[in-house]
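Counting in the numbering used here, the sequence shown runs from 159 upward without gaps. Glycine residues also receive a C-beta, built at the ideal position from the N, C-alpha and C atoms. If you're wondering where the values come from, they're calculated on a predicted model, not measured in any experiment. Report on the following structure.
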Amino acid sequence: MWRSCLRLRGGGRHLLNCPRGGLTASRGPGPKPPAHARAYAPPAAERKRFYQNVSITQGEAGFEINLDHRKLRTPQAKLFTVPSEALAVAVATEWDSQQDTIKTYTMHLTTLCNTSLDNPTQRDKDQLIWAAAKFLDTDTVWSPAPHLSSGSRMARPWHPAASLLVCILPAPGFSHGCRVEEPETLVELQRNEWDPVIGWAERRYGVKIGSSTSIMGPSIPARTREVLVSHLASYNTWALQGIEFVVSQLKSMVLTLGLIDLHLTVEQAVLLSRLEEAFQIQKWGNVEWAHDYELQDLRARTAAGALFVHLCSESSAVKHKLPQG
159 MWRSCLRLRG
169 GGRHLLNCPR
179 GGLTASRGPG
189 PKPPAHARAY
199 APPAAERKRF
209 YQNVSITQGE
219 AGFEINLDHR
229 KLRTPQAKLF
239 TVPSEALAVA
249 VATEWDSQQD
259 TIKTYTMHLT
269 TLCNTSLDNP
279 TQRDKDQLIW
289 AAAKFLDTDT
299 VWSPAPHLSS
309 GSRMARPWHP
319 AASLLVCILP
329 APGFSHGCRV
339 EEPETLVELQ
349 RNEWDPVIGW
359 AERRYGVKIG
369 SSTSIMGPSI
379 PARTREVLVS
389 HLASYNTWAL
399 QGIEFVVSQL
409 KSMVLTLGLI
419 DLHLTVEQAV
429 LLSRLEEAFQ
439 IQKWGNVEWA
449 HDYELQDLRA
459 RTAAGALFVH
469 LCSESSAVKH
479 KLPQG
């Protein structure tokens, strides 16, 4: 019943081609976890790394993570068990990538697994679908920000220092971008970059979406909503946790679907979600420590969420190549 342990510190590390201290870890004290990171798990103080080796084993309920000879557990003390070997390898790599201190706020896959296992908000599958589908009415790429009119845009006038509070402490429901009526250069940029993605989604799912600069946004046809909700329902609960997480990062259902369907890369999806901010940065300049950190953090969270969806949607076992010769 039990499979032999897969050691990541040696030959197992190549499975994800993720070097020690890679994307999910950094040396030194590093920045404190951003406010949005606390939405899916309570912040934990950094603590010293207390384990040497990370391995995975298969039990009756799924795949488990071992830190030396200790079984990893969730914040609610449940046995940390994931449904697929690939996801277990990815989570184990996060733990093995930690340096002298464990920075849990960089471990997005672990956090998503904890959320799926503990379900602290007690949401079922239908509630997860609704949480993602509600962004249809305020999607970044086809409607304006829900709380801003075209005449009261944050970016008019705009200066890089004025965006610090937006980058560090974004207002609840703040959208990284939205349809505007002026300036014309930004209108054209949005049309050229967003309309092709909307067109792809309409063809891919056989629906009608459109776009709008009205403060009320476009009227989403009932059939469009039904088709997209039905598509979300085809995913299991674990994958839906990842989808809802990505949608909440990008503030866009259509960008999330484009990313999950491999129509967009992570870099493209993130850029499209913050198109107006990128436009203003190009015009007025960049606050390096604020904008750069916010961008990289958004990319990391979006990439982790998309990876989580795929690892929760595929077969439970990893296929290992036989040695040649």
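Between the beta-carbon of Leu413 and the beta-carbon of Ser431, is there less than 7 Å?
yes
Is there contact here, the segment 278-289 with the segment 378-397, by at least three beta-carbon pairs under 8 Å?
The answer is yes - the segment 378-397 touches the segment 278-289, with three or more Cβ pairs under 8 Å.
Give me the Cα-Cα distance between Val405 and Thr273, rounded to the nearest whole angstrom.
Using only the alpha carbons, I get a separation of about 16 Å.
First and last residue of the alpha helix (DSSP H) that includes Val247?
Glu243 to Asp254
Buried or exposed: which applies to Phe208, given that a residue is buried once 16 or more other Cβ atoms fall within 10 Å of its Cβ?
exposed
Apart from the five residues on each side of it in sequence, which residues of its chain come closer than 7 Å, Cβ to Cβ, to Thr259?
Glu204, Arg205, Lys206 and Arg207
Evaluate Gln234 with the Cβ neighbour count: other Cβ atoms within 10 Å of its Cβ, from every protein chain shown; 16 or more gives buried, anything less gives exposed.
Here Gln234 is exposed, its C-beta having fewer than 16 other C-beta atoms within 10 Å.
Just verifying my parser: in three-state terms, what is the DSSP assignment at Gln216?
strand
Between the C-alpha atoms of Ser333 and Thr296, what's the straight-line distance to the nearest angstrom?
For Ser333, the predicted structure reports a pLDDT of 40, less than 50, and the residue's modelled location is therefore unreliable. A value from the coordinates is still provided. Spanning the two alpha carbons is a distance of roughly 9 Å.
Pick from Leu453, Ala462 and Tyr363: whose alpha carbon is nearest that of Phe403?
Ala462
Taking buried to mean at least 16 other C-beta atoms within 10 Å of its own C-beta, is Glu218 buried or exposed?
exposed
If the criterion is Cβ atoms closer than 7 Å, does the pair Val467 and Ile401 meet it?
Going by beta carbons, Val467 and Ile401 fall inside the 7 Å limit.
For His227 and Arg383, I'd like the C-alpha separation in whole angstroms.
When rounded, the distance between both Cα atoms is 48 Å.
Is it right to say Ala244 is buried, meaning 16 or more other beta carbons lie within 10 angstroms of its own, or is it exposed?
buried
Where does Val299 sit, in a helix, a strand or coil, going by DSSP?
coil
If you measure between the beta carbons of Tyr363 and Val345, is that distance less than 7 Å?
no
Cβ atoms of Phe238 and Leu230: under 7 Å apart, would you say?
yes
For Gly300 and Ile367, which I take to be in contact (beta-carbon distance under 8 Å), what is that distance rounded to the nearest angstrom?
Note that residue 300 is Trp in the sequence shown, not Gly. Between Ile367 and Trp300 the Cβ distance is about 6 Å, and since that is below 8 Å, they are a contact.
What's the call for Leu422, buried or exposed, on a 16-neighbour Cβ count within 10 Å?
buried
In whole angstroms, give me the CA-to-CA distance for Trp288 and Leu415.
15 Å
Any idea if Asp419 is buried or exposed, counting beta-carbon neighbours within 10 angstroms, 16 or more meaning buried?
exposed
DSSP three-state label for His468, please.
helix
Quick check: what's the CA-CA separation for Lys292 versus Ala464?
19 Å
Taking only the alpha-carbon atoms, compute the straight-line gap between Glu360 and Arg381 and give it to the nearest angstrom.
12 Å
So, is Thr343 buried or exposed, given that buried needs 16 or more other C-beta atoms within 10 angstroms?
By the Cβ-count criterion, Thr343 is exposed, with fewer than 16 other Cβ atoms from all chains shown falling within 10 Å of its own Cβ.
With a threshold of 7 Å on Cβ separation, who are the neighbours of Gln399 within its own chain once the five nearest residues in sequence on each side are excluded?
Leu270, Thr273, Ser274 and Leu286
Measure from the alpha carbon of Asp254 to the alpha carbon of each residue in Thr279, Asp276, Gln210 and Phe221, then state which is nearest.
Gln210
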